[in-house]
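Asker:
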Amino acid sequence: MTRAYASHSRRRIALLASLLLLLFILPGCDECRDFTAPSYEFSFKIVDEEFKELVGPDYPYDPESIFLLVNGNNVITERVYNPVSRTYRFVVNLAGFDIFNDDPYLLMIASADTDTLRLTVDRTEGDCVDQFNLSQLLYNGVEIDIDQDPVILVKEN
Numbered sequence: 022m023t024r025a026y027a028s029h030s031r032r033r034i035a036l037l038a039s040l041l042l043l044l045f046i047l048p049g050c051d052e053c054r055d056f057t058a059p060s061y062e063f064s065f066k067i068v069d070e071e072f073k074e075l076v077g078p079d080y081p082y083d084p085e086s087i088f089l090l091v092n093g094n095n096v097i098t099e100r101v102y103n104p105v106s107r108t109y110r111f112v113v114n115l116a117g118f119d120i121f122n123d124d125p126y127l128l129m130i131a132s133a134d135t136d137t138l139r140l141t142v143d144r145t146e147g148d149c150v151d152q153f154n155l156s157q158l159l160y161n162g163v164e165i166d167i168d169q170d171p172v173i174l175v176k177e178n
């Protein structure tokens with residue numbers, strides 16, 4: 022009986038050791054477990070025909086009156102104030118919402134001034150997270166150079 026008990030104990034210890042080993046090995050196989058998703062953002066500023074900025078305390082437009090809407094939702098995630106120039110940049114997180122390239126984005130600069138932006142966003146599926154890249158930006162049908170500092174050119178009334 023002692024022999025059977027010892028054999029049974031050895032099997033239980035071997036089974037327990039195998040389970041513990043699996044607990045330590047299996048979670049290590051998940052490459053994405055500790056992966057931090059990068060932020061996919063683009064920012065823009067609003068300027069006039071002479072490239073003078075238009076948003077800030079000393080400028081014609083209030084930053085709180087600027088909205089970028091898609092399907093009725095404001096997708097501006099941040100308004101960044103530059104204390105030196107006293108102007109604002111507007112940040113949009115490309116991965117923060119569902120992006121449909123066919124949906125027009127409405128840029129509301131003031132309640133009476135609404136323009137159309139069309140963003141073309143390339144989405145690449147990755148092992149851990151999808152990657153987003155802004156490949157084209159049109160403002161009222163005119164392409165904006167996204168390789169430079171993106172600006173939205175607004176003609177003042």
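Counting in my numbering, the sequence shown runs from 22 upward without gaps.
Yeah, the Cβ is synthetic: ideal placement off N, Cα and C, and Gly gets one too.
Being a predicted model, the structure only gives us computed values, none of them experimental.
1. Relative to the C-alpha of L89, which candidate in L158, M129, I167 and G77 has its C-alpha closest?
2. For T108 versus Y82, is the C-beta spacing smaller than 8 Å?
3. Got a sec? Which residues, its chain only, sit under 7 Å from E99 by beta carbon, not counting five neighbours each side?
4. If the criterion is Cβ atoms closer than 8 Å, does the pair F153 and R110 meet it?
5. Measure from the alpha carbon of C53 to the alpha carbon of each residue in E85, S106, G162 and C149, then state which is nearest.
6. Using the Cβ count rule (16 or more neighbours within 10 Å means buried), how would you classify I34?
7. In this structure, how does DSSP classify R110 when only helix, strand and coil are distinguished?
Answerer: In terms of the structure at hand:
1. L89 has its Cα closest to that of M129, out of L158, M129, I167 and G77.
2. Contact flag unset, no.
3. V112
4. no
5. C149
6. exposed
7. If DSSP states are grouped into helix, strand and coil, R110 belongs with the strands.
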